[in-house]
Amino acid sequence: NGPSARSGHRMVHLKKQLIVFGGFYDNLRHDYKYFNDVHIFDLESYMWQKVEPTGIAPAPRSGCILLPTADSKLVVYGGYSKEKIKKEIDRGCIHADMFLLTPMDKNDLTKYKWVCVKQTGIQVTPRCGVSVALLQYANQAFIFGGVFDNDDSDNDEESLCGIFYNDLFALDLEKLLWRAITLTGRKVTTVNDDTKRQQKKKKKKESDEESEQSNNSNQEKSEKSPNPVRPTVTVDDDGIFTVCFFLCYAHIKYT
4 NGPSARSGHR MVHLKKQLIV FGGFYDNLRH DYKYFNDVHI FDLESYMWQK VEPTGIAPAP
64 RSGCILLPTA DSKLVVYGGY SKEKIKKEID RGCIHADMFL LTPMDKNDLT KYKWVCVKQT
124 GIQVTPRCGV SVALLQYANQ AFIFGGVFDN DDSDNDEESL CGIFYNDLFA LDLEKLLWRA
184 ITLTGRKVTT VNDDTKRQQK KKKKKESDEE SEQSNNSNQE KSEKSPNPVR PTVTVDDDGI
244 FTVCFFLCYA HIKYT
């Protein structure tokens, strides 16, 4: 009953259990699947168990936040998934919703229900792949960074544009309230390597076009030059052979 092969899943330690949620599988042949299932690994029996929570589950996703609360609940926030629009064309989706996986019986941590909850406080910019640190005694979590990929370009990987964040937020796990943490020092928002390669490729293309236009312009000026090509004859006579050299030159002015 263990989870299938996957990546991008999330796992937390809750009492004597490891709880795994979500993830995705991709065989690199444009055949992928995202998951929203829940598996529990018992640290005493070393046995896997797949649980079937009641309620409306989150949409399948990977790269989300999974956090335990002080009252043995689990918070699921955000994540990323893809869906097929046309054949070999996908559209990415960054989720910004939040769910609670709540035990139906405090004495039985194998029966859960899903509850979609409302977030309060400030609104966090949609992102995925954030770093999370749990401050368990305060029932808070700190969320840093993340990335937002804009891939609305008909699946053209070279046109993929992403924004990386370096801001910091605190999430109250009891009130489900977001707060921004003020950071001192210089704040920089960067683009990913794909975007840099795209910008570099664009600059090179523009440079090549300018160079080609300059060469064409020089060639036209050369053809219109007022100084025609004039042959020059040089004779070398050593008494035995007479050799004539025909030299041609043209005056070309380059700008």
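No gaps in the numbering here: position 147 of the sequence shown is 150 in the working numbering, and each next residue is one more.
Backbone N, C-alpha and C fix where the C-beta goes; we use that ideal spot for every residue, glycine too.
Proximity winner among the options, relative to residue i (alpha-carbon distances)
{"i": "Val150", "options": "Glu177, Gly66, Val23 and Arg32", "result": "Gly66"}
{"i": "Tyr115", "options": "Leu103, Gln122 and Ile125", "result": "Leu103"}
{"i": "Cys119", "options": "Ser48, Pro61 and Asp45", "result": "Pro61"}
{"i": "Ala136", "options": "Asn4, Cys96 and Ala173", "result": "Ala173"}
{"i": "Lys90", "options": "Tyr28, His33, Gly165 and Asp175", "result": "His33"}
{"i": "Asp170", "options": "Glu177, Arg189, Leu176 and Asn153", "result": "Arg189"}
{"i": "Gln18", "options": "Asn4, Arg64, Leu31 and Lys76", "result": "Inspection of the sequence shows that residue 18 is occupied by Lys rather than by Gln. If we check each option's Cα against that of Lys18, Lys76 comes out closest."}
{"i": "Arg64", "options": "Thr128, Ala73 and Ala99", "result": "Ala99"}
{"i": "Leu46", "options": "Phe24, Thr105 and His16", "result": "His16"}
{"i": "Leu179", "options": "Lys204, Tyr37, Thr57 and Gln143", "result": "Gln143"}
{"i": "Trp51", "options": "Val23, Gly58 and Leu31", "result": "Val23"}
{"i": "Trp117", "options": "Lys207, Asn110, Ile43 and Gly58", "result": "Gly58"}
{"i": "Asp93", "options": "Phe44, Tyr35, Gln126 and Lys109", "result": "Tyr35"}
{"i": "Gln122", "options": "Gly25, Lys203, Val78 and Gly132", "result": "Val78"}
{"i": "Gln126", "options": "Asp111, Asp152, Lys203 and Tyr80", "result": "Tyr80"}
{"i": "Gly26", "options": "Gln20, Lys207, Glu55 and Tyr83", "result": "Tyr83"}
{"i": "Leu112", "options": "Val41, Glu209, Asn153 and Lys203", "result": "Val41"}
{"i": "Glu55", "options": "Asn153, Pro106 and Lys87", "result": "Pro106"}
Beta-bridge partners of residue i, as assigned by DSSP
{"i": "Ser2", "result": "The structure shown has nothing for residue 2, since the chain only spans 4 to 258."}
{"i": "Val127", "result": "Partner(s): none; Val127 has no beta bridge."}
{"i": "Asn153", "result": "Cys164"}
{"i": "Val118", "result": "Leu103"}
{"i": "Arg13", "result": "Phe24"}
{"i": "Lys89", "result": "Ile92"}
{"i": "Leu77", "result": "Pro71 and Leu104"}
{"i": "Gln143", "result": "Leu138 and Asp175"}
Residue environment, residue i, which counts as buried when at least 16 other CB atoms sit within 10 Å
{"i": "Met101", "result": "buried"}
{"i": "Val232", "result": "Only weak support exists for where Val232 lies, its pLDDT of 49 falling under 50; the coordinates are left without a value."}
{"i": "Ile146", "result": "buried"}
{"i": "Arg182", "result": "exposed"}
{"i": "Asn39", "result": "buried"}
{"i": "Gly11", "result": "buried"}
{"i": "Thr72", "result": "buried"}
{"i": "Gly5", "result": "exposed"}
{"i": "Cys251", "result": "Its pLDDT being 43, under 50, Cys251 is placed unreliably in this model, and the value from its coordinates should be taken loosely. So Cys251 ends up on the exposed side."}
{"i": "Ala141", "result": "exposed"}
{"i": "Ser214", "result": "exposed"}
{"i": "Thr258", "result": "Per-residue confidence for Thr258 stands at a pLDDT of 41, beneath the threshold of 50, marking its modelled position as unreliable; no derived number is given."}
{"i": "Ile43", "result": "buried"}
{"i": "Asp211", "result": "exposed"}
{"i": "Leu176", "result": "buried"}
{"i": "Thr128", "result": "exposed"}
{"i": "Asp74", "result": "exposed"}
{"i": "Thr187", "result": "exposed"}
Proximity test, residue i beta-carbon vs the ligand GTP heavy atom, cut-off 8 angstroms
{"i": "Gly149", "result": "Questions concerning the ligand GTP fall outside what the structure shown contains, since it holds no ligand whatsoever."}
Cβ distance (whole Å) where residue i is taken to contact residue j below 8 angstroms
{"i": "Arg9", "j": "Leu69", "result": "No, Arg9 and Leu69 are not in contact; Cβ-Cβ is about 14 angstroms, not under 8 angstroms."}
{"i": "Tyr28", "j": "Ser7", "result": "7 angstroms"}
{"i": "Ile97", "j": "Arg130", "result": "7 angstroms"}
{"i": "Lys109", "j": "Gly95", "result": "Their Cβ separation, rounded to whole angstroms, is 38 angstroms, which puts Lys109 and Gly95 out of contact at 8 angstroms."}
{"i": "Gly148", "j": "Ser134", "result": "6 angstroms"}
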